[in-house]
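Chains as they are written, first to last, in our numbering: chain C, 1298 to 1471; chain H, 2 to 329.
Glycine is no exception: its CB is placed at the ideal position from the N, C-alpha and C atoms.
In what follows, a single structure is set out as structure tokens and then discussed.
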Amino acid sequence: MRSFIKPRKKKLFDDMTTMWLAFIVLVSIALMVFGGVIYYKSSFYIKMIDSLKENNAKKTYIVNHLKDNISLIQMQASLDKDVKETNRILKQSMKNLFDLIPDQITLTKVVMQKKSLLLCGYTNSIDSYTLLLEPPLKSIFTKSIVKFSQDGKGHTLFESFNTMDVLKDQNVSR
Amino acid sequence: MSLLKSLKKRLVYQFIAIVIYETTCDIKVQRLKNGEIVFEEAKSFEIESKEKLNDTIIDYLDSLQEIVEQTYLALFLNTHGQGVVPSCAKSVYDKFHIDFDSVKHVCINNDYSIYASLIDIKWVEKIFDHSGLDFVFSPFLVLNELIQNFQLSTDTTLYLLSNTNSMTIMIFRGKQFLYGTFVNIAKEEDLLDSGFENDTFSNNSMEDEMMDEIDLDIDDTEDILNILETQSTQIDENEEKVVKIKNKLFGQDLRFVKYLDASLREFYDSDLYVSDFVNKVIVFDAAKLNVDIIKYLEDELLVEIEVIPASIDKVLIDLSKKEVGYFA
């Protein structure tokens, strides 16, 4: 400093330019803050969406698993229904069968198959069987073969094998 | 910082140099952009007194400052209340009977200091109260700036800044400052008792000085007599020439010679200064000095005088640039 006085402080820009610059700076700051908020919010939402996607994937997996379970349960229910129906039909058949059996005949063994019926038991006499049981059996089955034998107590044992058709299926239902 | 420097450089800077004389005020304007001069103007306004700037000048300065924000006004201080002392120490000010607290001083190269009275500084600040002022430069600083452009000789050299209404004198021996003074030559001042009117620089004294010098070198009596005769003839011729020129000088030119003479006398006689014979005079002429003065001085002082044209405005602008740190 070689002057006897200090220079006056100079403005870098005139008042109008300063105002404009201040305005631009303020707007820039506001935009930056707004941008920051948007960025923060968007990152928050992105994180939330990721979380929801992950959650959704888990739920979808659970839903698929439940669907599998449902289909299994439905299948089981259907099976159960079928079994119940079959059982009902079988029960009805058994009832019908037992209704056919007269009082003079006592059954010891019944083997009911889809197209055949094996009946073992004893009767008072062969006639009782021939008259009371054989006709209904013959009316139901196409072929009826019966074997008689005597036990030591004076009862007549019989073994009746009835078929509706030619035997193909060996599945036995009881 | 470099960004600010670059920005500053790209902005328009305006430097105004002002020199106030008794009846005129010279203003030079230099406008720079990217280190290049884009506008330059020099105007001279008439003023009623040095005490007050007229409205035309104030309006002109205001209009310039309105155009460019970065405007720096520099004033050439040409008041009496200033000077230079050969040291920066306060004790030296006491030695020169200058009240250190009532002056503003600037130390130059840790060698000498220039000062101006606080009253004078306040006075110029008051003059520029309306338009404002940034720099007030001492004439010694301006002269120092001009001297810096030259290779300082090892001889004792008197540097003189000649302006329209003032002269600034600085004497250096090599780089060592010996003496300095500032004189307003516009009107007769009673500040210096020069004794010029009484022909102090008489032929006798000159003869005596020459004799002294000759005594140092030559012992032979005949040789001395021969030389004295030759010198006497030369002196007679010189005397006629000097008187002839002196008769042509009047007014301000006469005062110029008178005050230079008084200053040299002060330098030689005063115990305050390290006295040494001035071997060379370099005049920085900012006022188209009368050639007769140079001739007269050369004959009177018997030293080589070199005259270099100078512009105070230019130096003031250069100083302002340095102060601001503006480098193209």
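Residue i - containing beta strand (DSSP E), residue span
i	result
Pro-310/H	305-310
Glu-106/H	Here residue 106/H is His; the residue named in the question, Glu, does not match the sequence. Unbroken beta strand (DSSP E) run through His-106/H: 104-109.
Glu-42/H	37-47
Ile-128/H	Taken as a continuous stretch (DSSP letters only), Ile-128/H belongs to no beta strand (DSSP E), being part of the alpha helix (DSSP H) at 119-128.
Gly-1418/C	1413-1420
Met-1409/C	1402-1409
Range of the contiguous alpha helix (DSSP H) that encloses residue i
i	result
Ile-170/H	That residue, Ile-170/H, is in no alpha helix (DSSP H); its beta strand (DSSP E) goes 167-174.
Phe-141/H	140-149
Lys-1435/C	1431-1437
Leu-320/H	313-325
Backbone CA spacing between residue i and residue j [nearest angstrom]
i	j	result
Lys-1308/C	Asn-291/H	45 Å
Asn-280/H	Gly-175/H	11 Å
Gly-181/H	Phe-151/H	18 Å
Ser-1300/C	Ile-172/H	22 Å
Leu-1430/C	Asp-1396/C	10 Å
Phe-328/H	Ser-139/H	22 Å
Gly-82/H	Asp-95/H	16 Å
Pro-1432/C	Asn-1384/C	26 Å
Asp-1448/C	Gln-1371/C	52 Å
Trp-124/H	Leu-134/H	12 Å
Val-304/H	Phe-183/H	21 Å
Tyr-73/H	Asp-56/H	19 Å
Phe-141/H	Val-85/H	7 Å
Lys-1406/C	Gly-1418/C	6 Å
Leu-1323/C	Val-1334/C	16 Å
Ser-1422/C	Leu-1404/C	14 Å
Tyr-1336/C	Ser-1348/C	18 Å
Leu-1415/C	Val-1408/C	5 Å
Val-282/H	Arg-1305/C	38 Å
Ile-28/H	Ile-17/H	7 Å
Tyr-160/H	Val-308/H	10 Å
Leu-1376/C	Ser-1390/C	20 Å
Gln-15/H	Ile-99/H	36 Å
Thr-1453/C	Asn-1366/C	56 Å
Leu-193/H	Leu-153/H	Residue confidence for Leu-193/H is low, a pLDDT of 43 falling below 50, so the modelled location carries little weight; the figure read from the coordinates is stated next. When rounded, the distance between both Cα atoms is 29 Å.
Gly-1451/C	Lys-1388/C	33 Å
Phe-197/H	Gly-252/H	Residue confidence for Phe-197/H is low, a pLDDT of 46 falling below 50, so the modelled location carries little weight and cannot support an answer.
Thr-80/H	Glu-324/H	22 Å
Lys-1364/C	Asp-1379/C	22 Å
Whether residue i touches residue j by CB criterion (8 Å)
i	j	result
Val-20/H	Lys-34/H	no
Ile-48/H	Thr-24/H	yes
Asp-121/H	Leu-162/H	no
Arg-256/H	Ile-186/H	yes
Phe-136/H	Leu-76/H	yes
Glu-1456/C	Lys-1444/C	yes
Pro-1310/C	Glu-67/H	Reading off the sequence, residue 1310/C comes out as Phe, not Pro. It is not a contact, given that the beta carbons lie outside the stated cut-off.
Ile-1402/C	Thr-1420/C	yes
Ser-114/H	Ser-88/H	yes
Ser-64/H	Ile-170/H	no
Leu-273/H	Phe-97/H	yes
Thr-157/H	Asp-319/H	no
Leu-54/H	Cys-26/H	yes
Reference residue i; option with closest CA among the options
i	options	result
Tyr-22/H	His-131/H, Thr-158/H, Leu-147/H, Thr-165/H	Thr-165/H
Ser-45/H	Glu-37/H, Val-30/H, Glu-52/H	Val-30/H
Ser-118/H	Val-104/H, Lys-127/H, Phe-257/H	Val-104/H
Lys-1435/C	Asp-1365/C, Phe-1458/C, Gly-1451/C, Leu-1404/C	Phe-1458/C
Leu-147/H	Trp-124/H, Asp-314/H, Val-304/H	Asp-314/H
Ser-1413/C	Gln-1389/C, Asp-1462/C, Ser-1446/C	Asp-1462/C
Leu-144/H	Ile-128/H, Ser-276/H, Ser-167/H, Glu-126/H	Ser-167/H
Lys-1303/C	Val-107/H, Asp-277/H, Ile-99/H	Val-107/H
Lys-1411/C	Ile-1386/C, Leu-1428/C, Val-1360/C, Lys-1378/C	Ile-1386/C
Ser-312/H	Asp-286/H, Gln-149/H, Asp-156/H, Asp-277/H	Asp-286/H
Ile-1398/C	Thr-1427/C, Glu-1382/C, Lys-1381/C	Thr-1427/C
Three-state secondary structure (DSSP) of residue i
i	result
Ile-1346/C	helix
Glu-70/H	coil
Glu-88/H	Residue 88/H is actually Ser in this sequence, not Glu. Correct three-state label for Ser-88/H: coil.
Ala-263/H	helix
Tyr-22/H	coil
Leu-76/H	strand
Arg-32/H	strand
Asn-1486/C	Here chain C comprises residues numbered 1298 to 1471, so residue 1486/C is not present and cannot be evaluated.
Gly-1451/C	coil
Val-292/H	helix
Ala-187/H	coil
Thr-155/H	coil
Gly-252/H	helix
Ser-1390/C	helix
Phe-97/H	coil
Met-211/H	Only weak support exists for where Met-211/H lies, its pLDDT of 40 falling under 50; the coordinates are left without a value.
Ile-115/H	strand
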